[in-house]
Amino acid sequence: MKPLLQIALLLSASPMLISSATAQAGDDCSVPIVISGTGTFNWDNTLNTTSGFDGGDPTTCFSPTNAGSTGSDAIRQDVFFAWTVPTSGNYTFDTENSIGIDDTKMSIHLGSDCAATCVASDDDGGSVPAFSSLIQLTGLTNGDQYLIQVGSWNDTSSVGDALLNITHMVPPTNDDCSTPQVISGLGTFNWDNSAATTSGFDGGNPVGCFSPVNAGTTGIDTIRKDLFFTWTVPTGGGNFQFDTEFSPINTDTKLSIHAGADCSATCVASDDDGGVDPVYSSKILLYGLSGGDQYLLQVGSWNDVSPAGDGFLNISVPPAAPGNDLCSSATAISGSGGWGFDTTTASTSGFNGASSAACGLSAQDMGPDVFFQWTATSSGDFQFDTCGSLYDTKLSLHVGSGCGAICGGHNDDGACGNGASEVVLQGILAGDEILVQLGGWNGLLGSGTLNIAPWTDPCASLGPDAFEDNDTCATAHPIIDGIYPGLTVFRTDLDIYSLTVPAGGTLDVLCNHSISDGDIDLFLFDSGTCMDDPAVDPTCAPALACGWASVAPESLTWINTTGVDVDCTLRVSLWPSSTGDCVEYELVLTGADAGGPSLFCDPASINTSGSYATLASSSFSGPGVFHLEASDGPADQFGYFLVSATPMDPGVSISSGQLCLGAPIGRYSPAAGGTLNSIGRFSVSGIFQALAGNSSVGSGFDVPAVLPSPPGGVINAGASWHFQLWYRDGMDSNFSNAISVDF
343 MKPLLQIALL LSASPMLISS ATAQAGDDCS VPIVISGTGT FNWDNTLNTT SGFDGGDPTT
403 CFSPTNAGST GSDAIRQDVF FAWTVPTSGN YTFDTENSIG IDDTKMSIHL GSDCAATCVA
463 SDDDGGSVPA FSSLIQLTGL TNGDQYLIQV GSWNDTSSVG DALLNITHMV PPTNDDCSTP
523 QVISGLGTFN WDNSAATTSG FDGGNPVGCF SPVNAGTTGI DTIRKDLFFT WTVPTGGGNF
583 QFDTEFSPIN TDTKLSIHAG ADCSATCVAS DDDGGVDPVY SSKILLYGLS GGDQYLLQVG
643 SWNDVSPAGD GFLNISVPPA APGNDLCSSA TAISGSGGWG FDTTTASTSG FNGASSAACG
703 LSAQDMGPDV FFQWTATSSG DFQFDTCGSL YDTKLSLHVG SGCGAICGGH NDDGACGNGA
763 SEVVLQGILA GDEILVQLGG WNGLLGSGTL NIAPWTDPCA SLGPDAFEDN DTCATAHPII
823 DGIYPGLTVF RTDLDIYSLT VPAGGTLDVL CNHSISDGDI DLFLFDSGTC MDDPAVDPTC
883 APALACGWAS VAPESLTWIN TTGVDVDCTL RVSLWPSSTG DCVEYELVLT GADAGGPSLF
943 CDPASINTSG SYATLASSSF SGPGVFHLEA SDGPADQFGY FLVSATPMDP GVSISSGQLC
1003 LGAPIGRYSP AAGGTLNSIG RFSVSGIFQA LAGNSSVGSG FDVPAVLPSP PGGVINAGAS
1063 WHFQLWYRDG MDSNFSNAIS VDF
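See below:
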């Protein structure tokens, strides 16, 4: 029985052995399965290999080098078909209704073998099942050949029997502006753009209506696979709403309306995502239409990968516009307070101040708007804002009354965030009139609150900081590692600092501030590329590094890989479009040791705490010419700082430490008195705390310009002075390391 069993097993295995040894049909681009016409073509990739073929375009078609979301986007265990176009026109290729494979990929290449070039690819564009693939190609020419590549999503996806469906798509009759479908009245009109082509029609206005030359946010703003309707305004005319809301399949639409009935019609309005349900539906409101006039309605998909299929074109009469819908019918208000507004049924006036474009391009693009006529009841400065409103607003203020008012200020996004707007008008006199115009960004509409209140300049309380005047490249203030609090920057007065990043070092800059005060930008330049015009925001291109992320805190990092120390300038400035005019900030630097103050006799002698006292945190900060900081000292031990024009390294041994200053040595001791007294004591954490009140931060010592005697005199710009801390250390005394400072 054993030999018979072996024979039986061999015979039962032999078909599989023969099958796996024989090349699978369509397993390579060099041996595609030849098909023609339209219909459904079966394929089975159970035994196929993965070719990695990408039609010479790894960006457009799936490829081993195009990682994508799958890790490797090569079509797995792929099958190839060579197909000839039977009739010129538009075609759909899909793997829908496949049974053995529920997750496919597909690429189509122009040609019939491995020389074919990539045309298009798709992963999950199909509907049934959800991960099937679908590609639509338009304008194919009779007799042209295409290489169709299908397979599984990845190595763990299912394999087996599947379908390739090829359908000839005949465009609907209203596929072109020359053959629109005639409609009239109000109601819902069905459309299906599954087989439609893309006309590129823009009503002669590529700025106002979607057009191939109006790139916008989509890359190309042409309405894709568009259809056309000619609609006649009902007798009596009036206001009308056109939308694609509640479309069952085509959920991401675009809509344009043109005055006229055919291809000679001119653009009136367009919309992408103004609808509500679904969120990417389109909506346009037109006001004051005359009965009998004709309009060409153009509707389609957002882009080539948007869902195509059944959609609705709804035409209705919108609710009545609010009473303050026009500049001629503004609601009268006065004084300070809050007034609710709602633009849900408002029209888009296009008003931009009586002097044409006085409020700028942003104001010209204001969505449905309403108006208030405000009268000042007192003199002063006032802030107008929409803070707390429920949508993204725009705000224009026009000096005067009614439609003759002239723009005095405009804002899109103010400091209070969430798309709210803020405008400040100064020097208003009691009795002055301001026409307030409120609308939405990008056609948005909604409700909100207009707030008006007296305004106090937040910059009035901010004076020059300790490093002023450092607003030009020539007056850059030197800084080293440290924390610099209480600094101020203004719209017209930036701050520039000089520093050196050592070879191989990493500079980290952190700027702590409140983004609500203003948007700070950071730029690090080499010393020969400094830029100090506050009205010009540099780009990162000429800078070594930049931080301009519109966040707080702002930061930048730069690694010096040049092999040499690099002298740099750090620019701290307000973004020119920042809402605030001034910001108080704290600057934190690490990695900027060389080129500024430098330590010597480092490390110092070990003290009774087990560490050594260091002046490493000293910096150009505070009200003095320099700020000395000492750390890592023995708790509860007293000390004071020393100064000399002469450094010594190595120093002279005295008690438990090394004195590293040469004679004459000045002492910032109690005997020096006044601002020259640096007496202090180490805390339990080892930080030297000032006891004489001569530190702006409570620790260390703010070095004044006047020197103790000896040596006497003052610290002048261009001079070099050297500092060290003497302190008690148990029964002995000790010294910190020392620091050299170039002023």
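Residues in the sequence shown are numbered consecutively from 343, following the numbering used here. Glycine residues also receive a C-beta, built at the ideal position from the N, C-alpha and C atoms. These figures come from a predicted structure and were not determined experimentally.
Are the beta-carbon atoms belonging to residue i and residue j less than 9 Å from one another?
| i | j | result |
| --- | --- | --- |
| A416 | P428 | no |
| S1020 | F983 | yes |
| V985 | P895 | no |
| P844 | F962 | no |
| L569 | P620 | no |
| G529 | I591 | no |
| G493 | K447 | yes |
| D850 | S892 | no |
| F1087 | S658 | A question about residue 1087 goes unanswered here, because the residues of the chain that appear run from 343 up to 1085. |
| F395 | L506 | no |
| G975 | V1039 | no |
| G860 | R833 | yes |
| V778 | F693 | no |
| V831 | V925 | yes |
| D497 | V421 | no |
| T539 | D517 | yes |
| C872 | T881 | no |
| I748 | G756 | no |
| L1003 | G1016 | no |
| I794 | G682 | no |
| P972 | Y1069 | One point to set straight first is that residue 972 is Ala, not Pro, in the sequence displayed. Yes, these two residues count as a Cβ contact at 9 Å. |
| G677 | S738 | no |
| V575 | S632 | yes |
| T586 | S623 | yes |
Under 8 Å by Cβ, that's how I've got residue i and residue j pegged, so tell me the actual separation to the nearest angstrom.
| i | j | result |
| --- | --- | --- |
| Y927 | I862 | 6 Å |
| D907 | T848 | Not confirmed; about 13 Å, so no contact. |
| L866 | C910 | 6 Å |
| L941 | L957 | 7 Å |
| L638 | A603 | 6 Å |
| W425 | Y488 | 5 Å |
| H451 | G379 | Wrong, their Cβ atoms sit about 19 Å apart, outside the cutoff. |
| A1100 | F1065 | Residue 1100 is absent from the model: the chain starts at 343 and stops at 1085. |
| L703 | V641 | Not really, about 28 Å apart at Cβ, beyond 8 Å. |
| I822 | P989 | Between P989 and I822 the Cβ distance is about 17 Å, and since that is not below 8 Å, they are no contact. |
According to the neighbour-count rule (16 or more other Cβ atoms, all chains shown, within 10 Å of its Cβ), is residue i buried or exposed?
| i | result |
| --- | --- |
| G999 | buried |
| A718 | buried |
| C729 | buried |
| G561 | Because the pLDDT at G561 is just 40, under 50, the model does not fix this residue reliably, and the value given afterwards should be weighed accordingly. The residue in question, G561, is exposed, as its Cβ has fewer than 16 Cβ neighbours within 10 Å. |
| C853 | buried |
| P1096 | Residue 1096 lies beyond the residue range present for the chain, which begins at 343 and ends at 1085; the question has no answer from this structure. |
| H1058 | Note that residue 1058 corresponds to Asn in the displayed sequence, not to His. It counts as exposed. |
| L929 | buried |
| P710 | buried |
| M1073 | exposed |
| S520 | exposed |
| L792 | buried |
Rounded to whole angstroms, what is the Cα-Cα separation between residue i and residue j?
| i | j | result |
| --- | --- | --- |
| S411 | W495 | At S411, the pLDDT of 40 sits below 50, so the modelled position is not reliable; the number obtained from the coordinates is stated separately. S411 and W495: Cα-Cα distance of roughly 11 Å. |
| G413 | S500 | Its pLDDT being 42, under 50, G413 is placed unreliably in this model, and the coordinates cannot settle the point. |
| I377 | T402 | 24 Å |
| A818 | D835 | 13 Å |
| T690 | I626 | 10 Å |
| S763 | T595 | 29 Å |
| P806 | F588 | 59 Å |
| S1037 | D1044 | 5 Å |
| Y433 | S463 | 14 Å |
| P876 | L916 | 8 Å |
| G761 | D754 | 7 Å |
Which residues does DSSP pair with residue i in a beta bridge?
| i | result |
| --- | --- |
| A1032 | G1022 |
| T987 | First, the amino acid is wrong: residue 987 is Ala here, not Thr. Looking at the DSSP assignment, A987 forms no beta bridge with any residue, so it has no partner. |
| H855 | None; H855 has no bridge partner. |
| P820 | S840 |
| R566 | S643 |
| P796 | F724 |
| N507 | T382 and D436 |
| C609 | H600 |
At a threshold of 8 Å, does residue i count as lining the ligand MG (C-beta to nearest heavy atom)?
| i | result |
| --- | --- |
| N387 | Of the ligands one can find in the structure shown there are none, so the ligand MG has no counterpart to examine. |
Step through the CB atoms of chain C and report whether any lies within less than 9 Å of the CB of residue i.
| i | result |
| --- | --- |
| Y637 | Absence of chain C from the displayed structure is noted, only one protein chain being present. |
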